[in-house]
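As they're listed, the protein sequences go chains A and B. Mapped onto the working numbering, the consecutive letters of the first sequence carry residue numbers 1 to 329. Mapped onto the working numbering, the consecutive letters of the second sequence carry residue numbers 1001 to 1560. Built from N, CA and C at the ideal position, the CB exists for glycine as well. Report on one structure; see the data block that follows.
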Amino acid sequence: MSYYLRKLAFYLVALWAALTLDFFILRLLPGNPVDVLLAKLAQRGGAPDPSVRRAYELLLGTHSDEPLWSQYVSYLDRLRHGDLGVSVSVFPAKVSDVIAQALPWTLVLVGIATLLSFVLGVGLGVIVGWKRGTWLDALVPGTTVLAAVPYFWLALLLAALLAGALGWFPLLGGYDVALDPGWNADFIGSAVYHGTLPALTIVVSSVGGWLLGMRNMMVSTGSEDYVLTAQAKGLRDGRVMLRYAARNAVLPSVAGFAISLGFVVSGSIVTEQVFAYPGIGSKLLQAVQNNDYALMQGIFLIITVAVLGANLVIDLLYGLIDARTRARA
Amino acid sequence: MSVQSSRRRVCGAVLTAVAATTLVTGCGSSESGSAADRTLVSYTGQSGDYQINFNPFSSSTMEGPGTIFEPLFFYNITQDAKPVPLLGTDFAWNADGTRLLVTLRPNVKFSDGTPFTAQDVAFTLDMVAKNKTINTTGYDGEAVATDDTHVRITFPKPAFMQGPQVLGKTFIVPRHLWSKIPDPANDVIAQPVGTGPFVLEEFKPQAFTFKANPGYWGGEPAVKRIRYLALAGNQSGADALAGKQIDWQTGPVPDIKDVAKNYPGYQAITIPMNQMNLTACSNAALGCAGPQTDPAVRKAIHYAINRTQLNSLAFEDTASDISPGFTLLGRDAKYVSPKLQEKLAPKAPDLARSAGLLLGAGYAKGPDGLFAKDGKPLELTVQVPSGWTDYITAITTMTQQLQPAGIKLLAQQVSYNEWADARVRGRFQLLIDAMNQGPSADPFYDYNYYFSTETTAKVGESAYPNYSRYSNPEVDAALNAVKGIDSTEAAKRQPYFDVVQTRVEQDMPYIPILTGGTTSEYHSDKFTGWPAKDNLYAFPAVWSRPDQAQIYKTLKPVGR
């Protein structure tokens, strides 16, 4: 039991440290939201009346001389009540509403892409590792090259080719704006259609890593005695590959997959920029460009909780599966 | 304003290259037939999703001022004309500018059917006065509805110059709905009800649509629908124009002169509106440091700039002349002081004059060709937001132009937020910037915003918007005197304007560059009645409110 308590305590400390860093690092950014807002208004021909500045300072509460320390305490207190504050860049919308609007898009797109990439990479890795020395070995350098090409460049090339030249997919956006967002076939079809190309780019660029890891594990499990025994018993080759070798070889990949699920929430800023996808990554960019501390904190909080949560689950599961991880050295 | 809104983020610029080669389809083009013909698609520069907000007092409102919520009068900032009556029909000041009587239009109804009366006007003004967070005009009057169609507003001190803000920029809201809103600054007004020519039809995060108000007091507009499109992050307005996805946008496109050729069916119009300048942190008494605190240095730069070359290299020849007194040429030409030494900033450089000014200020030319004083070479840093390509080109050009004059400019590209912060706190030597106009066609506002001691602060504190920290008691006295004169009495105001302009020319806290133009592109094959140079009935920028509503009301679909 004390093992689980120790783990939980550690994760609580890690969460507090992350929240504290979120708060202080953001405040080291140059500028403040009022000036960014005014500069934006000026770009749109707004009269630079000093009264405008006074009103916005009052509105956004940035005129206060409250010391950083007491701001920090009230920040933690508000978080305890689940209050993420009000977004400055889309004032007066609540941060939780902004995140709620963007998060499903990212979860579905990056989640499905990560799952596809994992299944595809591991599946191919099993075959390549089992049939080593054949032409299939060429898949390893082939997919690694795709992973090594800078992601934005690969995404732009695919966009230019598949969406531009061939016109198979829409170039931008999350859905056709003429449709009503909701649970109806037209909209979901459109969302899937718009999401396919971004998902494809993520899969293409990340499948190589899974493939390489799985193939290497397959090679080493392939030379284990129990595999040799299974083959000596005269089992079918496919059965030995899947039930004997792959089952053992996949363990590290599963752990890696669980951790990468934690990062699904943080999305892919570059993907969302390239395809103008309405997810968390584009909101984070918007927050940074507007010195929107509350929104940045909210997004970082969600990411932190997701990553810590995924790690905690893995940790606890490992404790359950493998007694060795519980034992004190 | 065009010069600034042209600048995309650097990452966007790379991505646009792909978008441009692959003309985008989709995105709201699914309509066809006559409904689409009468739908005008506007692009206000929104990138990424809209977050609903139709509150006319909110800084982040998406749309509504002018189209849904109307002011009492429309002030055309492009020319000195009589205000156009909207909800008001007439107004009169008393002699000392402390009382304003407004007559309202009878038989106007809000879009929910409730009649509009003087009570709504008094309520709106009171609400603005009471809620400091929405009082962006400094309104401090007291409004009383004397009967259903008359409002009397009293001010504690002469308020002639507040007139355009109160009458032209305060958007009247219905009392019966807004009196129930506890905090008007924080409400997004998801279902806006106003008197304007349009009403909200539907809202979606990637686009929202207004439809014509059939009960509008001025008659139902001929434009039946307006759709506001949010373009995706890296897609530029120019791509959307090429794909005929949008009918109106403001912001320059490549090769501005050939818009009609490059985008068949479209026209462009450029209106000079912003005095571009090198803002100097000029006032050593308020904490500025560096060679630019010496007026001789600022003037030496002024005379060394080759403005003709600058215009063609950095601004595609869309910029125009500027006056050293910073009166907006064209619109306010009649206010340009005859007492100025030069009515226009010289177009060609005068290096001899520049050198003479520096020698007179104790500088001497060193062996490297740079002027120096007390062993320190004359070097100045100019801050510019990274990615603002036309300003960056302008600084590069000026750096080369100033080299033979023995002055070294160092361009410093910083993030936009850093630049805005440095500007407000005075932590810069020079920065490139442009002035914005006030609420009506009157040079007073710019003089008061940018040259008055009231609007500045010490270095380290927030100055808005007199970033140069300029402070001159003569200018302050002249501006104060103008506040007590009715703006229609031009002859009485001119002597004070002369003082402001000549002092500013002499001290030159802002080094004039050129007047920047705001360029808009519009679909002239689909709608007629757009503002033209000879009929500038409103400022033709899609984001300028309430100008956009005047234009929507005037437009007619072609062939109907």
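Just to confirm the assignment, what range does the alpha helix (DSSP H) spanning Pro-252/A have?
That run of the alpha helix (DSSP H) goes 251-262.
Relative to the alpha-carbon of Gln-1275/B, which residue among Lys-1373/B, Asp-1183/B, Asp-1498/B, Gly-1325/B has its alpha-carbon at the smallest distance?
When each option's Cα is compared against that of Gln-1275/B, the closest is Gly-1325/B.
Chain-order list of residues whose beta-carbon lies under 8 Å from that of Leu-1479/B (same chain, five-residue window excluded):
The beta carbon of Leu-1479/B sits closer than 8 Å to those of Phe-1444, Tyr-1447, Asn-1448, Phe-1451, Ser-1452, Tyr-1496, Val-1500, all from its chain and outside the five residues before and after it, given in chain order.
Give me the residue from Lys-40/A, Leu-158/A, Tyr-175/A with the minimum Cα distance to Ser-205/A.
Nearest C-alpha to Ser-205/A: Leu-158/A.
Residue range of the unbroken beta strand (DSSP E) whose run includes Arg-1099/B:
Per DSSP, Arg-1099/B belongs to the beta strand (DSSP E) from 1099-1104.
Where Pro-1272/B and Gly-1045/B are concerned, what is the direct C-alpha to C-alpha distance, given to the nearest angstrom?
So the two alpha carbons sit approximately 20 Å from each other.
Mind pulling the chain A residues with CB within less than 9 Å of Ala-1541/B?
Going along chain A in sequence order, the residues near Ala-1541/B (Cβ under 9 Å) are Arg-44, Gly-45.
How should Gln-1400/B be labelled, buried or exposed, when 16 other C-beta atoms within 10 angstroms of its C-beta is the threshold for buried?
Burial check for Gln-1400/B: the Cβ neighbour count within 10 Å stays below 16, so the residue is exposed.
Return the residue from the list Gln-1165/B, Glu-1063/B, Thr-1103/B that minimises the CA-CA distance to Phe-1074/B.
The shortest C-alpha separation from Phe-1074/B is found at Gln-1165/B.
Can you check whether the C-beta of Gln-1548/B is within less than 8 Å of a C-beta belonging to chain A?
Judged by the 8 Å Cβ criterion, Gln-1548/B is not in contact with chain A.
Closer than 7 Å between beta carbons: that is the criterion. Which residues of the region 1134-1151 of chain B meet it against chain A?
Per Cβ criterion, the list reads Ile-1134, Asn-1135, Thr-1136, Thr-1137, Gly-1138.
Quick check: what's the CA-CA separation for Leu-68/A versus Arg-27/A?
One C-alpha to the other measures close to 9 Å.
CB contact below 8 Å: Ser-117/A versus chain B:
The Cβ of Ser-117/A sits no closer than 8 Å to any Cβ of chain B.
In its own chain, which residues sit with a C-beta less than 7 Å from the C-beta of Asp-1486/B, not counting the 5 before and 5 after it?
Closer than 7 Å at the Cβ level, and outside the excluded window around Asp-1486/B, lie Trp-1093, Gly-1097, Phe-1160.
Hey, how far is the Cα of Tyr-1205/B from the Cα of Val-192/A?
As written in the sequence, residue 1205/B is Pro, which differs from the Tyr given in the question. C-alpha separation (whole angstroms): 18 Å.
Beta-carbon proximity list for Pro-1158/B, same chain, < 8 Å, skipping 5 on both sides
Excluding residues within five positions, the ones whose Cβ falls inside 8 Å are Asp-1096, Gly-1097, Thr-1098, Lys-1483, Gly-1484.
So with Cβ pairs under 8 Å, would you call Ala-1185/B a contact of chain A?
Chain A, which has a Cβ nearer than 8 Å to the Cβ of Ala-1185/B, makes this yes.
Pick from Gly-281/A, Ser-74/A, Gly-262/A that is closest to Val-330/A, judged by C-alpha positions
This structure does not reach residue 330/A, given that chain A is present from 1 up to 329, and the question cannot be answered.
Please give the ranges of any alpha helix (DSSP H) in the region 1331-1410 of chain B, keeping only runs that are unbroken, at least 4 residues long and fully inside the region.
For the region 1331-1410 of chain B, the full-length alpha helix (DSSP H) segments reaching 4 residues or more read 1351-1360, 1389-1402 along the chain.
Exposed or buried, which one is Ile-1551/B when buried takes at least 16 other CB atoms within 10 Å?
Label assigned to Ile-1551/B: buried.
Measuring only the C-alpha atoms, how far is Asn-1107/B from Asp-1148/B?
Each residue's Cα considered, the two are about 10 Å apart.
Between the region 1370-1383 of chain B and the region 1335-1349 of chain B, can you find at least three pairs of beta-carbon atoms closer than 8 Å?
Because the criterion of three Cβ pairs below 8 Å is not met, the region 1335-1349 of chain B and the region 1370-1383 of chain B do not touch.
Is there a C-beta anywhere in chain A that falls below 8 Å from the one on Asn-1535/B?
Answer no: the Cβ-Cβ gap between Asn-1535/B and chain A never drops below 8 Å.
Would you mind telling me which residues of chain B sit closer than 7 Å to Phe-187/A, beta carbon to beta carbon, in chain order?
Here the premise fails: no neighbours, minimum Cβ distance about 11 Å.
Who are the near neighbours of Val-95/A in its chain, counting only those whose CB is closer than 6 Å to its CB and skipping five residues on each side?
Only Leu-84, Gly-85, Ser-87, Ala-294, Leu-295, Gly-298 meet the Cβ criterion.
Nearest to Ala-102/A by alpha carbon, out of Leu-317/A, Ile-314/A, Val-73/A, Ser-266/A?
The candidate whose alpha carbon is nearest that of Ala-102/A is Ser-266/A.
Beta-carbon proximity list for Arg-1493/B, same chain, < 7 Å, skipping 5 on both sides
Excluding sequence neighbours, Arg-1493/B sits near Val-1482, Ile-1485.
Am I right that Leu-1329/B and Asp-1321/B are in contact with their C-beta atoms under 8 Å? What's the rounded C-beta distance?
Indeed they touch by this definition, with Cβ atoms about 5 Å apart.
Just to confirm the assignment: which complete alpha helix (DSSP H) runs, minimum length 4, are found wholly within the region 1415-1466 of chain B?
Secondary structure remark: continuous alpha helix (DSSP H) runs of at least 4 residues inside the region 1415-1466 of chain B, in chain order: 1416-1425, 1444-1451.
Counting only the same chain and skipping the five closest in sequence on each side, list residues whose C-beta sits under 6 Å from that of Asp-1564/B.
Nothing can be reported for residue 1564/B: it is not among the residues displayed for chain B, which extend from 1001 to 1560.
Classification of Arg-243/A by the beta-carbon crowding that lies within 10 angstroms, buried from 16 upward
With fewer than 16 Cβ atoms within 10 Å of its Cβ, Arg-243/A is classed as exposed.
If the cut is a Cβ gap below 8 Å, which residues of chain A does Asn-1076/B touch?
Residues of chain A passing the Cβ test: none, with the nearest at roughly 13 Å.
What residue from Thr-106/A, Gly-208/A, Asp-225/A has the CA that sits closest to Tyr-151/A's CA?
Of Thr-106/A, Gly-208/A, Asp-225/A, the residue nearest in Cα terms is Gly-208/A.
Would you call the region 1346-1363 of chain B and the region 1379-1395 of chain B in contact, with 3 or more CB pairs under 8 Å?
Touching, no.
Are there 16 or more other CB atoms within 10 angstroms of the CB of Ser-117/A, so buried, or fewer, so exposed?
By the 10 Å Cβ count, Ser-117/A comes out buried.
Could you confirm whether any beta carbon from chain B is found closer than 8 Å to the beta carbon of Gln-297/A?
It does not: the Cβ of Gln-297/A has no partner Cβ on chain B nearer than 8 Å.
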